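For what it's worth, the numbering used here labels the leading residue of the sequence shown as 490, then goes sequentially.
Data first, discussion second: the structure below is written as structure tokens.
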Amino acid sequence: MAEDAQEVPQIALEAVIGFNGHVFSGLKVHPDKEHIIYPLGCTVIIKSLRSGKQTFLHGHTNNVSCISVSRSGRYIASGQVTFMGFKADIIIWDYEKKEIYARLVLHKARVEDLSFSPNDKYLVSLGGQDDASIVVWNIGSKEAICGSPASAQSAGHCLTIEYTNLNDEIFVSAGNGTLRVWELDLANRKIRPTECQTGQLKRIVKCLEIPNDDNYFYCGTSSGDILKVNLKTRLLNSCGPVKQKFSKGVNTLKVLKTGDLLVGSGDGVLSLCSGGNFKTIKSVQLEGGVTSVTLRGDGQQFYVGTEAAQIYSLGYIDFKPELIATNHNSAVKDVAFPFGTSELFATCSQNDIRVWHTESSKELLRIMVPNITCNALGFMKDGRSIFSAWNDGKIRVFTPESGKLKLIIHNAHSMGVTAIAATNDCRRIVSGGGEGQVRVWEIFHDSYRLIEIMKEHKATVNCIKIKSNDKECVTASSDGACIIWDLVRFVRNQMVLSNTLFSVVCYHPEEFQIITSGTDRKIGYWEVYDGSAIRELEGSLSGAINGMHISEDGKYFVTGGDDKLLKLWHYSDGEVTHVGVGHSGSITNVRICPNSRCIVSTSADGAILRWRYPQTLNCE
């Protein structure tokens, strides 16, 4: 596919809404204090704190699992996961040039953690549990110096690794029942471990933090306490807090200049506690378990990343969290624009619907329905409500300003509501379910009525589109059929059959043709009048097509799918005119905004990408 993408002009990526909060210590502030660095799928994002401008580092073939920034700020290192039996890459990036400096391949299946030596001489990497080895790399020569199993045969898996601050030859590793200080013997190309004695204490260490003077180091554990170990004698100094342990374990630690500790715990509490007895001085509750804490400068200000994909900024003095970025933390299922405006758009995923401001990527509204997934959504044409389809079999209608629930249709479908659309007069909703039924509902101010049930499809209905005169609609289903329905007599007008699971269907704006796509990677053009095939295009070389949308003038359409590429097609030529490269998960849906300024695409890794619509196309 790479050859394909190079011949065609690329679509400019304007912004990404997304952050993988499950990567421990994945959020970093660059030493220049002007940028934050964080992972999203297979991409590493560098975001300017002042302007909000984002730069993307593309190079990994699978999700990024760890990030480290060198002390000087010259290099960023990132590791990835891959499939069992395959090698997982480590990439060292040149920060100034924003390009790959070196690709280091040795670990199998996963890179667990990375750490740079204080003078940028070496990088130490830790493989995941299937690899379980530590390797020291020479950054200058881009080669491995030596490696060793991470923990003794009798101990558990190693989980984290950290270089000391004053010595390029000493680093610490820790994990499940293992805590070791390693010394690099460069002359003999060996690394030699010393076990740290913790006596009767058995702990799973999740994070390490070494203060600047290298006398002691701190270990955060899954039991919710902190160990303080002497780095010189390798002996346990103290363990605390004795009574009030940190709930759901200590995920991340940071030592401040004052000697106090910032502790991020699994229940979403960020605490400032004293370095001596580990008593909490002040704490604040955040949304989602804290996975990253990173200091800007000396620690007057710090940034916190959580599992709920939120990024917060806090000051040392006031300790008040300011939410600077919110993101979906699971696959985004659908995206919709209100009629006639591109200023805002809505997306839905597990647990929630979110409304975003297009230009600033800020979240304007969040509608929460816990533990239930929203499969599809849309705005009524009058802009007075958001209608949504949920996997608990209910249709919910909300107000777009406050997010209040206006109407709920119980038991709309027996196997979850999978597709939904509303008529242009805002009086009716057409819904499709997992069992294959298509139902038409009449919507009143605070009540509803089931008008008709249309049973033809044998499998899940994936997409519904309604004609502009509200007298006809088309449904696409996983049973390999697209049916054009009469919405006046509620009978089938036409049926299109193909050997595929149809995922998406679109009316051409002139409404005499429909285009379909699905798992067979083909884009089919069909005549509405008699259901005959006009032509078929090869939509993708690998992976199903999940999303498709036609521009208002009908000249272009956009597709996205499992090959992670956004493609803009000329409708009548059937040629790809532009390609968008940037997604790191499967694209789940795409929309061209109403005035053809931008394209919004959503993906299975929780990311929302905004692309600039090529302006040359608008002038034609």
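Using N, Cα and C, we set each Cβ at its ideal position, and we do this for glycine too.
Keep in mind that this is a model prediction, so the values were computed, not measured.
Among Thr964, Pro528, Arg1010 and Asp714, nearest to Ser951 - alpha-carbon criterion: One point to set straight first is that residue 951 is Asn, not Ser, in the sequence displayed. Looking at the Cα atoms, Thr964 is the closest of the given residues.
Cut-off 6 Å between Cβ atoms - residues of its own chain near Pro1103, not counting five sequence neighbours on either side: Closer than 6 Å at Cβ, skipping near neighbours: His1067.
Inside the segment 740 to 773 only - beta strand (DSSP E) runs reaching at least 3 residues: 750 to 754 and 758 to 762, all fully within the segment 740 to 773.
Residue burial classification, Gly1063 (beta-carbon count within 10 angstroms, cutoff 16): Flag for Gly1063 reads exposed.
Helix, strand or coil at Glu496 according to DSSP, with G and I counted as helix: Reduced to three states, the DSSP call for Glu496 is helix.
Which of helix, strand or coil DSSP assigns to Gln799: Secondary structure of Gln799 (DSSP, three-state): strand.
Thr1105 in three-state terms, based on DSSP: Three-state DSSP puts Thr1105 in a helix.
Of the residues Phe991, Tyr1018, Thr1008 and Ser987, the one placed nearest Glu999, counting alpha carbons only: Minimum Cα distance to Glu999 is reached at Tyr1018.
Candidates Cys647, Lys631 and Glu601: closest to Pro638 by CA position: Ranking the options by Cα distance to Pro638, first place goes to Cys647.
Under the three-state DSSP convention, the category Leu475 falls into: Limits of the chain in this structure are 490 at one end and 1109 at the other, which puts residue 475 out of reach.
Inter-stretch contact at 8 Å, needing at least 3 Cβ pairs: the segment 537 to 544 / the segment 553 to 565: The segment 537 to 544 makes no contact with the segment 553 to 565; the number of CB pairs closer than 8 Å stays below 3.
Residue environment, Ala501, which counts as buried when at least 16 other CB atoms sit within 10 Å: Exposed: under 16 other Cβ atoms inside 10 Å.
Proximity to Gly1028 [Cα-Cα], best of Lys1044, Lys1011 and Trp845: Nearest to Gly1028 by C-alpha distance, out of Lys1044, Lys1011 and Trp845, is Lys1011.
Close-in-space but distant-in-sequence residues of the same chain around Ile1081 (CB under 7 Å, 5 per side omitted): Taken in chain order, the residues that qualify are His1038, Ser1040, Val1047, Ile1088 and Tyr1102.
Sequence-distant residues of its chain with Cβ nearer than 7 Å to Gly921 (five each side left out): So the qualifying residues of the chain are Thr907, Ala908, Val927, Val950, Ile953 and Thr964.
3-residue-minimum beta strand (DSSP E) runs that sit fully inside the segment 1039 to 1089, ordered along the chain: For secondary structure counted as the beta strand (DSSP E) over 3 or more consecutive residues, the segment 1039 to 1089 holds these complete runs in sequence order: 1045 to 1050, 1054 to 1059, 1064 to 1070 and 1076 to 1081.
Alpha carbon of Gly788 to alpha carbon of Asn701, nearest angstrom: Gly788 and Asn701: Cα-Cα distance of roughly 13 Å.
Within 9 Å, strictly: CB atoms of Asp881 and Gly905: Yes.
Same chain, Cβ closer than 6 Å to Gly764, neighbours up to 5 away in sequence not counted: Closer than 6 Å at the Cβ level, and outside the excluded window around Gly764, lie Gly748, Asp749 and Leu750.
Cutoff 6 Å; reference Leu803; Cβ partners in own chain excluding five residues on either side: These residues qualify, in order along the chain: Phe791 and Pro810.
Spatial distance of Asn982 from Ile1076 (CA atoms): Taking the straight line joining both Cα atoms gives about 32 Å.
CB contact flag (Thr780, His511, <9 Å): Yes. Within cutoff.
Test: Tyr801 CB closer than 9 Å to a CB of chain B: Structure shown: chain B not included; a single protein chain is present.
Range of the contiguous beta strand (DSSP E) that encloses Asp578: For Asp578, the enclosing beta strand (DSSP E) covers residues Lys576 to Asp583.
Identified DSSP bridge partners for Asn857: The sequence as given places Met at residue 857; Asn does not occur at that position. Answer is Asp841, bridged to Met857.
Identified DSSP bridge partners for Lys482: The requested residue 482 does not occur in the structure, where the chain is confined to residues 490 to 1109.
Other residues of its chain near Ala577: CB distance less than 7 Å, five sequence neighbours each side excluded: These residues qualify, in order along the chain: Gly568, Gln569, Val570, Thr571, His596, Lys597, Ala598, Arg599 and Val600.
Cβ pair Val718, Phe735 closer than 9 Å: Not closer than 9 Å, so no.
Three-state secondary structure assigned by DSSP to Val558: The three-state reading of DSSP puts Val558 in strand, counting E and B together.
Distance, Val858 Cα to Met817 Cα: Looking at the sequence provided, one finds His at residue 817 rather than Met. Distance between the alpha carbons of His817 and Val858: 14 Å.
Whole-angstrom distance between Asn740 and Val782, CA atom to CA atom: Computed Cα separation, rounded: 9 Å.
Nonlocal neighbours in the same chain, by C-beta distance under 6 Å from Lys1119, ignoring five residues either side: No information on residue 1119 is available, as it lies outside the stretch 490 to 1109 that the chain covers here.
Identified DSSP bridge partners for Ser637: In the DSSP assignment, the residues bridged to Ser637 are Ile623.
Per DSSP, the bridge partner or partners of Cys647: Bridge pairing for Cys647: Gly664 [DSSP].
Inter-residue Cα distance where the pair is Ser537 and Ile525: Going from the Cα of Ser537 to the Cα of Ile525 covers about 7 Å.
Same chain only: Cβ atoms within 6 Å of Pro520, ignoring 5 sequence neighbours per side: Within the same chain, and ignoring the five residues on either side of Pro520 in sequence, the residues whose Cβ sits closer than 6 Å to its Cβ are Gly562.
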